[in-house]
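Engineer: Just passing along the structure, written as structure tokens.
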Amino acid sequence: MLPQTDYVKASSVAHALDMLHQYGTGAAILAGGTDLIVDMRERRREPTMLVDISSVEELAEIDVGTGNIRIGAGVTVAGLAGSAIVQHQLPLVTEVTRHFADYLTRNRATIGGNLANASPGADLVPPLLALNASVVLATAQGERTVDLNDFLVGPRRTLLLWNELVRAIHIPTPVPRGQAYEKLGLRTGGAIAVVSCAVSMDQAGGECRRVRIGLGAVAPRAFRSSEAEQIMEGHMFSSDIAARAAEAAANSSQPISDVRGSAEYRHAMVRALVERALHAAYERSSEPQE
Amino acid sequence: MTSTEARKQQYRVIGTRPIRHDGLDKVTGRARYGADIHLPGLLTGKVLRSPHAHARIRGIDASKALALPGVEAVVTAADFPIHEDMEIDLVETLGNLRVLAENIMASEKVLYRGHAVAAVAATSAAIAEEALGLIEVDYEVLPPVLNGPDAMDANSPRLHENMTTHSVAKRFERGTDTGVGSNIASHLQFKLGDPEAGFAEADVIVEREYTTSTVHQGYIEPHTATALWDFDGQVTLWSSSQGAFGMRAQTAAVLGIPESRVKAIPMEIGGGFGGKLNTYLDPVAAALSRETGKPVKITMDRAEVFIATGPTSATRSRIKLGAKKDGTLTAAWSELVYEAGAFPGSPVGAGASTGFAPYKIENILVDGYDVVVNKPKVAAYRAPGSPQAAFAIESAMSELAEKLGMDPIELRLKNVIRPGDRLPTGVPLLPTGCEEMEKAMRSHPHYNAPIEGPNRGRGVAVGFWGNAGNSSSATVSVTADGGVTLVTGSVDIGGTRASLAMQAAEVLGITAEDVRPSVGDTASVGWTGQTGGSRTTFSTGLAVVAAAEKVRDEMVKRAAILLETEPEKIEFDAGTFKNGAGKSLSFQEVAAAQVRTGGSITASASSNPRQVGPAFAGHIVDVEVDPETGKVEILRYTAFQDVGTAAHPSYVEGQIQGAVAQGVGWALNEEYVWSEDGRMENASFLDYRMPTTLDLPMIETVLIEEPNPAHPFGIRGVGEVCIVPPMAAIANAVANATGRRLTHLPMSPGRILEALERPATNGTGG
Ligand SMILES: Cc1cc2nc3c(=O)[nH]c(=O)nc-3n(C[C@H](O)[C@H](O)[C@H](O)COP(=O)(O)OP(=O)(O)OC[C@H]3O[C@@H](n4cnc5c(N)ncnc54)[C@H](O)[C@@H]3O)c2cc1C
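Going down the list, the protein sequences come from chains A and B.
Our numbering applies: residue 4 is where the first sequence begins, and numbers increase by one.
Our numbering applies: residue 7 is where the second sequence begins, and numbers increase by one.
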């Protein structure tokens, strides 16, 4: 049963921000609603005003800027999947969309909602961490850009202020060619990640460069395993080094036991998935294109 | 041409694949389900459910809820009559009225988390929900007991203080009262021959213990019921169930009113699989309507479906098989412990009678225990009771084959039961094609394809199900344009409008499209057992055939009048009436003349089959196990089944594919995850993981059509037996792939990884 609430359909970013300002902490942004409506039904959240941004066109664009690719916060997972820019430059993100929920949910779920919701298991976060993404936040007063890594504070906690919304996600270019994604769910369709892992890297003559490893569902928030990255960075790729990095990644995670898997299982899976992703990313990698 | 093909050529409609009559409505969303009912003044009902797995109710105070504006009534067990133990008919399982009533509304104790304690009716869903929060229930919390073997311990907490173990030697008997107080509701035992001597003769013995978890049928449509208690005392129900007559009987009995005062209108149903044979909501909605004078609708949400309806039993099975070196089984023993949930009535009897049924074994001992625990009362689920026993027995059979160094299908064929052989219950087997099916498996390309690649394996398993008969009613009426209306009392779950219309069409020499089938309510057609036990196409089919034959005979008489000859001279062929002298009339012409040749043509009939026609299924599956993650991928699946004459092959195949899909979930993923205090921790489809289309390969089907002598067209029930083999077949394939025997369901990735850490028990045969 949904709690009773008021509702407004925002026509522009400015309109949405104005509504947030007017209704204060009782307001909540409604994008695809695939997290928010569930939370409301379970009474984890009871906003008094829903500001629906799903029709705001300026939030639904993907374009290539100078030095970055810009993805509007309102782009849906299906929108990411169908984007030629994403397919060509961010195959990692395209891969995520194939493992994300189910078709129905993909048509509604947005990238902004996935980040703002800040679930430890949010699927888009590890890849965006591996791609060194930053987040553009807007208030009626202006905009600020923060590193995604800083934006995520803890489980379901971010830097977002009450009167602020996520406007866009920026990914610096050129992006490393070596991108790989592994998601372990307990079934293939409609699965929530037990562990997810994203790797991006370049190489120079077999030497690993710009290695970034993002991990999801194995700590209070998605994070980059700098321990594992350091083991790889600047070294010649080998199975041995990948195994050591995978071990370090597993040790840097802090998994919990829940209905989807035990802490021990998750720990073991980080090792297995990171190792696979490192091999796959290295195979796809090439000389940096600077 | 094979004999099967020859037989099928005698039919014009049976064996073809017409589009189902209700198909367009269903794919366009026009079909009306229970929740689609809207009536003037309709109130919303909601049920307050116990937060405890086991507690005594000291008192219920609903005064605050009743004071909330918009709340029109609150009912508790005090608003229902008190019932004694009494059996009422629920098709596949006999139901005890007291148990049914106490499960619908707890009186003295709550016995599982989710057990109903009160219900409200209000002018909106929001008010009803708020009112639930205002009902104060004073509980004395008691320690729960959450699994069968624990509950059997004499020192464990007792659910029912007065319950004593009954000892049963035959299925469906109440048995003799042992007088021993316990959570064991009954202990049943079947014995054939001399098991001890049989094991002494054996060269090889396999003995193992297997466990399975609580699983749910997972039908897509939640339970819903709408009731209107009229001012003249008539009660009308719009219900989502597997049979309107069952809902009528249960509702009347629970409310203590005559059945004739209740009219149940069946709505379309979004799946049941046995879980919608019992009512949970209809009597509650009716009681709320009685109190308010207005119609009341109650609809469950998904979490309620999981925690407050009837999943199937978690089980522990101990199996022992003995065989000669040549594979001849000398003796078999099983001890089956089935959780019944909060009230007696697990399907352990069916597990006990079906598990060894595919085999001719002289010496058998089966012990079954029906044990109450603080979980929802189990309900039927597709071949209820058989899959759990088959998981254990078929796993042990393949392990035995491995020990004997025999091919697993060869071992099964060596011991195959043949018509006339005695089943474990002592009853001789009717003509069925278990042997033909196993031979078809052995020679199929799937079984003979090499298994390529590491971590891959193949498994097989077979299964048996008895199927149900029971009575059904049908009415066939001829319309002036030469069509036919067909009314039966069978709720259409799996395409039975089509499979029944086809039988009428076959008799009348018209097309399936010429027949307009519909599902009647309890006031417009004779008594009909519920849709369950794979009985509808078979048993309701018998009623349809009988009614259609009466109509055909009457049509012949009318044609004789029109053709000015004797009825005996009329030759009826493919919808045409010939007088033998070159003159003929079409079905349409005779139909158009019906009123002036003697009045409207209509006939009713009911079925009462003495024999039913059991079914066998056998599955072959290839899997690949990921040694790092423990995930199992199904690579190839072929399902064989003796289906009798396949009335509508597409729907037969659909039944088989659906059952395999459910079996894959049961094998690999699905389980209720319980907290220590008896809370289901995964009561949503996100974490109760049924397989999706992406988790399944194409499920190939091979139909073996051994006609059922109990039906004029050879039709037998097909919907249930296909869920019996998958769990064992997959476990056998995993064993073949990994060298490890998984003896617990589900074989989730974590459990597979744990098993991989154990030393392999050599090449373990599939
Ligand atoms: C059946 C199902 C399956 C799912 N499977 C997956 C899965 O496989 N992987 C996965 O990662 N997630 C999954 N989810 C979770 C969910 O779909 C995603 O997190 C999704 O990206 C959320 O986006 P949304 O647009 O629906 O967000 P909403 O529910 O609309 O919003 C979520 C939160 O973010 C806030 N918010 C939304 N947009 C903005 C913005 N622009 N600025 C500031 N705050 C904002 C909202 O106020 C709310 O607090 C699943 C959910 C369901 C129901």
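From the three backbone atoms N, C-alpha and C, an ideal C-beta is built for every residue, glycine too.
Alpha carbons only, please: which of Gln16/B, Gly21/B, Val19/B and Arg26/B is nearest the one belonging to Ser524/B?
Structural biologist: The shortest Cα separation from Ser524/B among Gln16/B, Gly21/B, Val19/B and Arg26/B belongs to Arg26/B.
Engineer: Could you check whether the Cβ of Phe103/A sits closer than 8 Å to any heavy atom belonging to ligand 1?
Structural biologist: Answer for Phe103/A: yes, Cβ within range of ligand 1.
Engineer: Would you give the residue range spanned by the alpha helix (DSSP H) that Met733/B belongs to?
Structural biologist: Taken as a continuous stretch (DSSP letters only), the alpha helix (DSSP H) holding Met733/B covers Pro732 to Thr744.
Engineer: Using the three-state DSSP reduction, which class does Tyr26/A fall into: helix, strand or coil?
Structural biologist: Three-state result, Tyr26/A: helix.
Engineer: Give a yes or no on whether 9 Å exceeds the smallest Cβ distance from Val97/B to chain A.
Structural biologist: Summary for Val97/B: the model assigns pLDDT 46, below 50, so the residue's position carries little reliability; its value from the coordinates is reported in the next sentence. Not closer than 9 Å to any Cβ of chain A, the Cβ of Val97/B fails to qualify, so no.
Engineer: Could I get the ranges of all uninterrupted alpha helix (DSSP H) runs contained in the segment 491-555 of chain B, with 4 residues as the minimum, in chain order?
Structural biologist: Qualifying alpha helix (DSSP H) stretches, in chain order: 502-514.
Engineer: Excluding five sequence neighbours on each side, which residues of the same chain lie with their C-beta closer than 7 Å to the C-beta of Ala284/A?
Structural biologist: Contacts found: Gly181, Gln182, Ala183, Val202, Ser203 and Met204.
Engineer: Does at least one heavy atom of ligand 1 sit under 8 Å from the Cβ of Glu230/A?
Structural biologist: Not under cutoff, so the answer is no.
Engineer: List the residues of chain B whose Cβ lies closer than 9 Å to the Cβ of Ser265/A, in chain order.
Structural biologist: Going along chain B in sequence order, the residues near Ser265/A (Cβ under 9 Å) are Gly756.
Engineer: For Ala766/B, which residues from the same chain have a beta carbon less than 8 Å from its beta carbon, with the 5 sequence-adjacent residues on both sides left out?
Structural biologist: Hits under 8 Å: Thr744, Gly745 and Arg746.
Engineer: Indicate the three-state DSSP secondary structure (helix, strand or coil) for Tyr106/A in the structure shown.
Structural biologist: Of the three classes helix, strand and coil, the one that applies to Tyr106/A here is helix, per DSSP.
Engineer: Using a Cβ-Cβ distance under 9 Å, would Pro75/B count as near chain A?
Structural biologist: Pro75/B does not count as touching chain A.
Engineer: So which residues on chain B does Met4/A lean against when the C-beta distance must stay under 7 Å?
Structural biologist: In chain order: Ala131, Ala132 and Glu135.
Engineer: Pick helix, strand or coil for Ser265/A, following the three-state DSSP scheme.
Structural biologist: Correct three-state label for Ser265/A: coil.
Engineer: On a CA-only basis, which of Phe470/B, Gly526/B, Ala474/B and Ile499/B is nearest Thr491/B? Give me that one, please.
Structural biologist: Selected option, being the one with the closest Cα: Gly526/B.
Engineer: Return the CA-CA distance between Pro149/B and Ala348/B, expressed in angstroms with no decimal places.
Structural biologist: Straight-line Cα distance between these residues: approximately 14 Å.
Engineer: Quick check on Phe397/B: does DSSP put it in helix, strand or coil?
Structural biologist: The answer is helix: DSSP assigns Phe397/B an H, G or I state.
Engineer: Quick one: which chain A residues come within Cβ less than 8 Å of Val679/B?
Structural biologist: The contacting residues are Val262.
Engineer: Please tell me whether, using a cut-off of 8 Å, the distance from the CB of Val311/B to the nearest non-hydrogen atom of ligand 3 is below it.
Structural biologist: This structure lacks ligand 3; its bound ligands are ligand 1.
Engineer: Applying the 10 Å Cβ sphere with the 16-neighbour rule, what's the burial state of Leu700/B?
Structural biologist: Label assigned to Leu700/B: exposed.
Engineer: List, in order along the chain, the chain B residues whose C-beta lies closer than 7 Å to that of Thr191/A?
Structural biologist: Going along chain B in sequence order, the residues near Thr191/A (Cβ under 7 Å) are Thr698, Leu700 and Asp701.
Engineer: For a quick check, are the C-beta atoms of Leu138/B and Ala231/B less than 9 Å apart?
Structural biologist: Going by C-beta atoms, Leu138/B is not nearer than 9 Å to Ala231/B.
Engineer: Compile a chain-ordered list of the residues in the segment 631-643 of chain B whose CB is closer than 7 Å to at least one CB of chain A.
Structural biologist: Residues passing the 7 Å Cβ filter: Glu634 and Thr635.
Engineer: Note down the Cα distance separating Ala761/B from Leu748/B, rounded to an integer number of angstroms.
Structural biologist: Cα to Cα, Ala761/B sits roughly 7 Å from Leu748/B.
Engineer: Using a beta-carbon distance below 9 Å, is Met272/A in contact with chain B?
Structural biologist: True, the Cβ-Cβ gap to chain B drops below 9 Å.
Engineer: Please tell me whether Asp105/A has its Cβ less than 9 Å away from any Cβ of chain B.
Structural biologist: Yes, Asp105/A counts as interfacial toward chain B.
Engineer: Tell me the residue span of the beta strand (DSSP E) that contains Gln90/A.
Structural biologist: Where Gln90/A is concerned, there is no enclosing beta strand (DSSP E), although the alpha helix (DSSP H) it sits in stretches over Ala87 to Gln92.
Engineer: If the cut-off is 8 Å on Cβ atoms, which residues from the segment 120-135 of chain A count as contacting chain B, listed in chain order?
Structural biologist: Correct list: empty, as no residue qualifies.
Engineer: Quickly, what does DSSP pair Glu213/B with across the bridge? List them, please.
Structural biologist: Bridge partners of Glu213/B: Lys326/B.
Engineer: Span of the alpha helix (DSSP H) holding Asn714/B?
Structural biologist: Run containing Asn714/B: none; DSSP gives neither H nor E here.
Engineer: Could you please tell me which residues of the segment 171-200 of chain A, in chain order, have their CB closer than 7 Å to any CB of chain B?
Structural biologist: Under the 7 Å Cβ criterion, the segment 171-200 of chain A contributes Leu187, Leu189, Arg190, Thr191, Gly192, Gly193 and Ile195.
Engineer: Taking just the CA atoms, how far does Val143/B sit from Asp628/B?
Structural biologist: Computed Cα separation, rounded: 53 Å.
Engineer: So which of Val77/B, Gly488/B, Asn454/B and Asp498/B has the shortest CA-CA distance to Ile626/B?
Structural biologist: Closest by alpha carbon: Asn454/B.
Engineer: Kindly indicate if chain B contains any beta-carbon less than 9 Å away from that of Ala143/A.
Structural biologist: Chain B contact via Cβ: absent.
Engineer: Count the other CB atoms, across all protein chains shown, that sit within 10 Å of the CB of Ala323/B; report buried if there are 16 or more and exposed otherwise.
Structural biologist: Note that residue 323/B is Ser in the sequence shown here, rather than Ala. Classification of Ser323/B: buried, given that the 10 Å Cβ count is 16 or more.
Engineer: Is there a Cβ from chain A that is less than 9 Å from the Cβ of Glu687/B?
Structural biologist: Closer than 9 Å: yes.
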